[in-house]
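Residue numbers for the sequence shown follow our numbering, so the first one is 105 and each next one is one higher. One structure is given here, and the rest of the page talks about it.
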Amino acid sequence: MAVTISPSILNCDIANLASEIKKIRNADYAHVDVMDNHFVPNLSWGLPVVEAVIRENILPVDAHLMIEDADRYAPAYAEAGCASVTFHAEAAIAPIRLAREIRAQGAKVGMALRPATDITPYIDLLSELDMLLVMTVEPGFGGQAFLESMMGKVRRARKAISAANLQVALQVDGGINRETITKAAEAGADVFVAGSAVYKADDAFNEVEQLRQIANHHINH
Numbered sequence: 105m106a107v108t109i110s111p112s113i114l115n116c117d118i119a120n121l122a123s124e125i126k127k128i129r130n131a132d133y134a135h136v137d138v139m140d141n142h143f144v145p146n147l148s149w150g151l152p153v154v155e156a157v158i159r160e161n162i163l164p165v166d167a168h169l170m171i172e173d174a175d176r177y178a179p180a181y182a183e184a185g186c187a188s189v190t191f192h193a194e195a196a197i198a199p200i201r202l203a204r205e206i207r208a209q210g211a212k213v214g215m216a217l218r219p220a221t222d223i224t225p226y227i228d229l230l231s232e233l234d235m236l237l238v239m240t241v242e243p244g245f246g247g248q249a250f251l252e253s254m255m256g257k258v259r260r261a262r263k264a265i266s267a268a269n270l271q272v273a274l275q276v277d278g279g280i281n282r283e284t285i286t287k288a289a290e291a292g293a294d295v296f297v298a299g300s301a302v303y304k305a306d307d308a309f310n311e312v313e314q315l316r317q318i319a320n321h322h323i324n325h
């Protein structure tokens with residue numbers, strides 16, 4: 105498995121968007137968290153900021169939609185040019201149809217599960233996805249502590265993906281740093297979202313490299 109590092113720009117200085125993204129130019133994606141203050145109790149930014157990140161053309165955009173009515177709103181993010189669009193299973197009425205709509209717009213499609221959401225009902229949907237996101241915090245705020253209890257879900261997800269012989273990436277998001285990325289990689293994750301750990305580091309570029317090296321070491325052991 106190849107390691108993918110997707111730093112969240114939630115903690116960046118949005119007034120200096122281009123320079124903040126350039127700090128992580130060695131990452132694989134810029135992870136943009138979209139929150140609507142309904143699905144999660146926080147309001148971040150929406151399509152205009154996502155479009156601004158896309159226009160900078162520094163990194164492909166990995167959009168994580170923590171919004172209600174994903175069936176209605178998610179395809180617009182793919183249409184805008186996001187490389188990957190992740191909706192929440194809990195916010196989608198017709199997830200297979202939505203996944204196909206996103207892919208038809210040319211984006212990769214991801215589906216996210218909140219910590220309390222069981223993966224079992226969604227195992228048969230994995231073939232419709234490019235990525236499954238297991239949240240390792242309650243979605244809505246950056247800087248939360250990593251939920252190690254989610255590693256069982258990550259292991260079950262990896263087992264299901266392998267058993268079906270699928271090429272589905274397994275992303276973790278929440279509390280990822282040099283310590284917790286080890287646990288997530290060993291459990292089977294291969295895509296890592298780190299926000300505070302990267303943007304609060306003295307050197308964001310170097311922090312991305314350190315996280316990549318640690319994950320690479322543990323993902324293949």
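C-beta atoms are modelled at their ideal positions from N, C-alpha and C, and glycine is treated no differently.
Excluding residues up to 5 positions away in sequence, 133, 164, 165, 166, 167, 211, 212, 213, 214, 234 and 235 lie with their Cβ nearer than 8 Å to the Cβ of residue 188 in the same chain. Assignment of residue 286 by DSSP, reduced to helix, strand and coil, places it in the helix class. Residue 285 and residue 238 have their C-alpha atoms spaced approximately 13 Å apart. Every unbroken stretch of the beta strand (DSSP E) spanning 3 or more residues and falling wholly within the stretch 107–155 is given here in chain order: 134–139. At a Cβ-Cβ threshold of 8 Å, residue 241 and residue 131 do not count as neighbours. Per DSSP, residue 214 is one residue of the beta strand (DSSP E) stretching across 212–217. Contact between residue 120 and residue 300 is ruled out by a C-beta separation of about 18 Å, above the 8 Å threshold. Under the three-state reduction of DSSP output, residue 275 falls in the strand class. Excluding its 5 nearest sequence neighbours in each direction, residue 305 has C-beta neighbours in its own chain below 6 Å: 311, listed in chain order. Closest by C-alpha distance to residue 298, out of 229, 290, 204 and 245, is 245. Annotation for residue 309: no beta strand (DSSP E) segment contains it, though the alpha helix (DSSP H) segment containing it runs 308–323.
Between residue 264 and residue 230, the gap from beta carbon to beta carbon is short of 8 Å. For the pair residue 276 and residue 149, the Cα-to-Cα distance works out to about 21 Å.
Using a 10 angstroms sphere on the CB of residue 169, the tally of other CB atoms reaches 16 or more, which defines it as buried. Contact annotation: residue 142 and residue 110 have beta-carbon atoms that are not nearer than 8 Å. Shortest Cα-Cα distance from residue 257 to any of 247, 225, 283 and 281 involves 225. When the five nearest sequence neighbours on each side are left out, the beta carbons in the same chain lying within less than 6 Å of the beta carbon of residue 192 are those of 216, in order along the chain. Residue 182 counts as buried, since at least 16 other C-beta atoms from the protein chains shown sit within 10 angstroms of its C-beta.
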